[in-house]
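Residue numbers for the sequence shown follow my numbering, beginning at 2 and rising by one. Here a beta-carbon is modelled for each residue, glycine too, at the ideal position from N, C-alpha and C. Structure first, commentary second.
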Amino acid sequence: MVMRVSDTDTFRTIGEFLPKIQFAGERIIIEHQGVPVAAVISIQDLEQLQARVQLIPRSERLAALARTHTLRAQVLARRGGVPLPDSARLIKELREERDRETSGLH
């Protein structure tokens with residue numbers, strides 16, 4: 002399960018999250034002004050993630066990064082130099098709109 006909390010709530014309530022992370026495998030996404038900025042995961046999850054990253058050779062990771070830069074340049078060229086909208090901002094706006102629409106449905 003993934004929980005979402007604000008950055009200010011994280012510091013206030015971290016003590017109640019830790020057992021859920023450690024024993025129940027829950028993950029916490031920390032948001033700043035509605036935008037995801039960090040995650041808190043168990044040590045076991047971190048070790049698994051690190052092991053997976055190490056399975057991919059550094060040269061392949063760098064090649065993948067180079068492909069993303071090439072793709073970004075292609076997208077910009079097709080759009081006449083106009084970048085794509087900020088997806089984090091769009092997601093935040095969509096969540097706020099959803100919250101406004103559902104706030105009266107309790």
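Short check: CB of residue i to CB of residue j, under 8 Å?
| i | j | result |
| --- | --- | --- |
| Q23 | S43 | yes |
| F18 | V38 | no |
| T14 | I31 | no |
| L91 | P84 | no |
Excluding the five sequence neighbours on either side, which residues of its own chain have a C-beta within less than 6 Å of the C-beta of residue i, listed in chain order?
| i | result |
| --- | --- |
| K93 | G35, V36 |
| A89 | V36 |
| K21 | E27 |
I need the DSSP call for residue i, collapsed to helix, strand or coil.
| i | result |
| --- | --- |
| I44 | helix |
| R5 | strand |
| L91 | helix |
| V83 | coil |
| S60 | helix |
Excluding sequence positions up to five away, which residues of its chain have a Cβ less than 8 Å from the Cβ of residue i?
| i | result |
| --- | --- |
| S60 | none |
- Pick out the complete beta strand (DSSP E) segments inside the region 11-39, 3 residues or longer, and give them in chain order. Entirely contained in the region 11-39, the beta strand (DSSP E) runs reaching 3 residues are, in chain order, 28-33.
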